[in-house]
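Engineer: My questions will all concern the structure given below.
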Amino acid sequence: MNYNLSFIPARTPKPREYGLTMVMDKGLSMSEAQSLIESSGQYVDFVKLGFGTSLVTNNLKEKVKLYKNAGLRPYLGGTLFEIFIIRGMFDDFVKFVDELELDLVEVSDGSMELDNHVKCDYISKLAKRYTVISEVGSKRADVHIPDEEWINMMKHELSAGSWKVIAEARESGNIGIYNQDHSANTKLIDDIVRHVKVENVIWEAPLKSQQAWFIKMLGANVNLGNIAPNEVISLETLRLGLRGDTFFQFLPDELK
Amino acid sequence: MNYNLSFIPARTPKPREYGLTMVMDKGLSMSEAQSLIESSGQYVDFVKLGFGTSLVTNNLKEKVKLYKNAGLRPYLGGTLFEIFIIRGMFDDFVKFVDELELDLVEVSDGSMELDNHVKCDYISKLAKRYTVISEVGSKRADVHIPDEEWINMMKHELSAGSWKVIAEARESGNIGIYNQDHSANTKLIDDIVRHVKVENVIWEAPLKSQQAWFIKMLGANVNLGNIAPNEVISLETLRLGLRGDTFFQFLPDELK
Amino acid sequence: MNYNLSFIPARTPKPREYGLTMVMDKGLSMSEAQSLIESSGQYVDFVKLGFGTSLVTNNLKEKVKLYKNAGLRPYLGGTLFEIFIIRGMFDDFVKFVDELELDLVEVSDGSMELDNHVKCDYISKLAKRYTVISEVGSKRADVHIPDEEWINMMKHELSAGSWKVIAEARESGNIGIYNQDHSANTKLIDDIVRHVKVENVIWEAPLKSQQAWFIKMLGANVNLGNIAPNEVISLETLRLGLRGDTFFQFLPDELK
């Protein structure tokens, strides 16, 4: 911090097991990626190259190298995995990952249907060579997944080899763990937290209100994902109680 | 594409007659414009210098040159045409266009009332020296234009010399071809498509849901406008079926 | 302007007493700050380093110098003042301001409760060494402040030494002087304008509709704050009647 203050929660240091921030890159230019690194690289653990953007982005290999050299781990968004799988091109997916020299992959079934056993097989297979994160939840508003099933899938996928599971919200934040009005689906989230180790879940939280809600509920070091590149610093202030929304969160009672 | 995949729709190559993407520049700096070119220049056909921003932007001539040299055609947003016309300064408008060495102009009547015959006269006059695109639809929520009139104006303006007609939506996407809740005015759009050659229409579609809607309805190469500079790559993934919203759009039935 | 037009309202020149634009910097990188300066520095009077972002931003001193050298006055957002005050660290606040060589400070009570007399004492004390602006209004939706109290606080704070008072709206623009639906609280604003010199008020107006509303009501040179860095040029077009929303605002009747 640029000035020493009391009552600031301790943040886990890099490389983090918990307290993770995952940023969504939807096609940043090299100079924009450089800008992200310069301004807030130390707060960013992962950079997700969102959905299929990696297929149409210029200078992809250079950007991947740039992130890696700066200690930000880039990876291909889960939709890209599905884009290959639905075409029956699993081996090509692995080839693409290797060409980019990535060490982290995401497995998801947000767009296509994938039996959870099949998904877990992919996770096991990939976990032998890469760190795997897997995403639970549909991108479609009309698909309702019962709470028990969220929990079961998360447990199965962690057992199959996922390092972390991601709870789906899309970039718009009105799906999965959120209601249509962007508010948190508290019952579902409570249920997940009671049954899955919270350090193992990354919550997609694209909106400030969602980020503040999770920090108040699960602490400064909650894992959060789908953060916009220009919101990383703002998120860090929320985590540390340095913004109105979490101003009182980490203060002792006598100061409240 | 950075990896060869099957079932990806063919995109028209530059210089495009169809499959156009028009980006809205509301005052990008030189380095931001450079960033747009570097990351996604090949997907951008036109850059609209939105409303009156060209009058107050620094380094305007340099930015225009930068875009032109990179194969992106810049032009002055229609509101600027109206700003000159309402002051009786048509000749000055032409002078400003020539000073900037632009070869594309937009004629519109979104802010001021302009009899369609007068508008078509301007189009004819300008079409002798420039490529003309003209915009149909009001920027005002309280002005209702019947469907037949949309169609008639589009036909007249194309006959008068417009290369393409633009269907108005504003930067906010809740006007003209859209309802107040940003959903598509399907009846109006259906009517237009039945009567005007779809290759000749550019649909303003600032929101992702709107872009996906048009791609599903009219294909990967539908002409879309008012795209934010940092959404060009995302739009390209929608066009190619590389994002959740259009994931199944271009797949054969046996893979669905 | 890049072309001479008639019926463009005169803008006050820098350094401005009125016609102020305050930009919200939530953690720009050096190159993004440079970009803001290059594209629209002459339209920006102040740069607020929002809430606690200054504590976690890299290259803070360099960025402050960059802004100052370019004639944009940077200052620490009011929430930072409150972060120090609630910890009983007023002297440290002053030390931090001095280390950064800032000449402008903001005093606010948007997150914590502060008796107005105490707040005015801080204002008086700081006004001996710095230009002070103070913010009125709560960041919390559940705190209702009666109109008379808004006016009284503004008057007291100006008497205590505030150069300008800021009317609270948050970055989201749905608090304080705005209703939950982002529309202006016209009764409150009318009341303020009747009792406080309008040149002394800076209205937070993050949304375009809010900026246009104030320009129509109070003229091209109304003081506006919480402007996003990439909206400065757009705001300037609104101020000058160069965008649809204010197209007719400064035209003589015979042209309307």
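Protein chains in written order, with my numbering: chain A, 1 to 256; chain B, 257 to 512; chain C, 513 to 768.
Virtual Cβ for every residue (Gly too), placed ideally from N, Cα, C.
Bear in mind that the values here come from a model prediction, so they are computed numbers and not experimental data.
Check whether the Cβ of F602/C lies closer than 9 Å to any Cβ atom in chain A.
Structural biologist: Not an interface residue.
Engineer: Check for me: the alpha helix (DSSP H) holding D659/C runs from which residue to which?
Structural biologist: Here the alpha helix (DSSP H) through D659/C covers 659-672.
Engineer: Would you mind reading off the limits of the beta strand (DSSP E) that contains L616/C?
Structural biologist: That run of the beta strand (DSSP E) goes 616-619.
Engineer: Can you give me the start and stop residues for the beta strand (DSSP E) that V559/C sits inside?
Structural biologist: Counting along the chain, the beta strand (DSSP E) containing V559/C begins and ends at 558-561.
Engineer: Pick from T502/B, L322/B, Q466/B: whose alpha carbon is nearest that of E294/B?
Structural biologist: Out of T502/B, L322/B, Q466/B, L322/B has the C-alpha closest to the C-alpha of E294/B.
Engineer: For a test of the three-state rule: what should DSSP assign to S695/C, helix, strand or coil?
Structural biologist: If DSSP states are grouped into helix, strand and coil, S695/C belongs with coil.
Engineer: How would you list, in chain order, the residues of chain B whose beta-carbon sits under 7 Å from the beta-carbon of S620/C?
Structural biologist: Neighbours of S620/C on chain B: none; closest Cβ ~30 Å, over 7 Å.
Engineer: Going along the region 663-679 of chain C in order, which residues come within less than 8 Å of chain A, judged by CB to CB distance?
Structural biologist: Listed by position along the chain: nothing, the set is empty.
Engineer: Starting from T749/C, find everything on chain B with Cβ-Cβ shorter than 7 Å and list it in chain order.
Structural biologist: In chain order: F307, G308, T309, V312.
Engineer: Would you mind reading off the limits of the alpha helix (DSSP H) that contains G622/C?
Structural biologist: Where G622/C is concerned, there is no enclosing alpha helix (DSSP H), given that its DSSP letter is neither H nor E.
Engineer: For V353/B, which residues of its own chain have a beta-carbon under 8 Å away from its beta-carbon, when the five flanking residues on both sides are left out?
Structural biologist: Counting only Cβ-Cβ distances below 8 Å, and skipping sequence neighbours, we find L332, V361, Y386.
Engineer: D281/B lies in the alpha helix (DSSP H); which residues open and close that run?
Structural biologist: Looking at the DSSP string, D281/B is not in any alpha helix (DSSP H); the run it does join, the beta strand (DSSP E), is 277-281.
Engineer: Give, in chain order, every residue of the region 532-553 of chain C whose Cβ lies closer than 8 Å to some Cβ of chain A.
Structural biologist: So the close ones are K538, G539, L540, S541, M542, S543, E544.
Engineer: Which stretch, first to last residue, makes up the alpha helix (DSSP H) that contains R751/C?
Structural biologist: 744-751 is the span of the alpha helix (DSSP H), which, as asked, contains R751/C.
Engineer: Please confirm whether L370/B has its beta-carbon closer than 9 Å to some beta-carbon of chain C.
Structural biologist: Not an interface residue.
Engineer: Would I341/B and G308/B be called neighbours here (beta carbons separated by less than 9 Å)?
Structural biologist: No.
Engineer: Could you give the DSSP three-state label for V399/B: helix, strand or coil?
Structural biologist: Of the three classes helix, strand and coil, the one that applies to V399/B here is coil, per DSSP.
Engineer: Going by the DSSP bridge assignment, what does A679/C pair with across the sheet?
Structural biologist: Note: A679/C sits in a beta bridge opposite V648/C, W715/C.
Engineer: When you compare the region 122-138 of chain A with the region 156-175 of chain A, are there three or more beta-carbon pairs, one atom per stretch, that lie closer than 8 Å?
Structural biologist: Yes: the two stretches touch, three or more of their Cβ pairs being nearer than 8 Å.
Engineer: Span of the alpha helix (DSSP H) holding G590/C?
Structural biologist: Here the alpha helix (DSSP H) through G590/C covers 590-598.
Engineer: Buried or exposed: which applies to S40/A, given that a residue is buried once 16 or more other Cβ atoms fall within 10 Å of its Cβ?
Structural biologist: Counting Cβ neighbours within 10 Å, S40/A comes out buried, since at least 16 surround it.
Engineer: Using a C-beta to C-beta distance shorter than 7 Å, which residues of chain C count as neighbours of S367/B?
Structural biologist: Those are G756, F759, listed as they occur along chain C.
Engineer: Under 9 Å between C-beta atoms, does S490/B make it to chain A?
Structural biologist: Taking Cβ atoms only, chain A reaches closer than 9 Å to S490/B, which makes this a yes.
Engineer: State the beta-bridge partners of P586/C as determined by DSSP.
Structural biologist: Partner(s): V559/C.
Engineer: Name the chain C residues that come within less than 8 Å of N174/A, Cβ to Cβ?
Structural biologist: Those within 8 Å of N174/A in chain C number zero; the least Cβ separation is about 17 Å.
Engineer: Could you give the residue range of the beta strand (DSSP E) that holds L548/C?
Structural biologist: From DSSP, L548/C is part of no beta strand (DSSP E) but of the alpha helix (DSSP H) over 542-552.
Engineer: Give the DSSP-derived three-state secondary structure of G481/B in the structure shown.
Structural biologist: It is a strand residue.
Engineer: For Y555/C and E748/C, which I take to be in contact (beta-carbon distance under 8 Å), what is that distance rounded to the nearest angstrom?
Structural biologist: With 8 Å as the limit, Y555/C and E748/C qualify as a contact, their Cβ atoms being about 5 Å apart.
Engineer: Under 8 Å between beta-carbons, which chain C residues line up against F7/A? List them in chain order, please.
Structural biologist: Under the 8 Å cutoff, chain C gives R599.
Engineer: According to the Cβ coordinates, are M368/B and V392/B closer than 9 Å?
Structural biologist: The answer is no: Cβ separation not under 9 Å.
Engineer: Can you check whether the CB of S31/A is closer than 9 Å to the CB of S543/C?
Structural biologist: Against a cut-off of 9 Å, the Cβ pair of S31/A and S543/C comes out as a contact.
Engineer: Closer than 9 Å, Cβ to Cβ, to anything on chain B: give me those residues from the region 69-82 of chain A, in chain order.
Structural biologist: Cβ contacts with chain B come from T79, L80, E82.
Engineer: On the DSSP bridge list, what partners appear for T643/C?
Structural biologist: T643/C is bridged to L616/C.
Engineer: What residue from Y530/C, V606/C, N628/C has the CA that sits closest to K640/C's CA?
Structural biologist: That would be V606/C, whose Cα lies nearest to the Cα of K640/C.
Engineer: I need the DSSP call for Y378/B, collapsed to helix, strand or coil.
Structural biologist: Reduced to three states, the DSSP call for Y378/B is helix.
Engineer: Thinking C-alpha only, which one of V452/B, P402/B, Q436/B is nearest S415/B?
Structural biologist: When only C-alpha atoms are compared, the closest one is V452/B.
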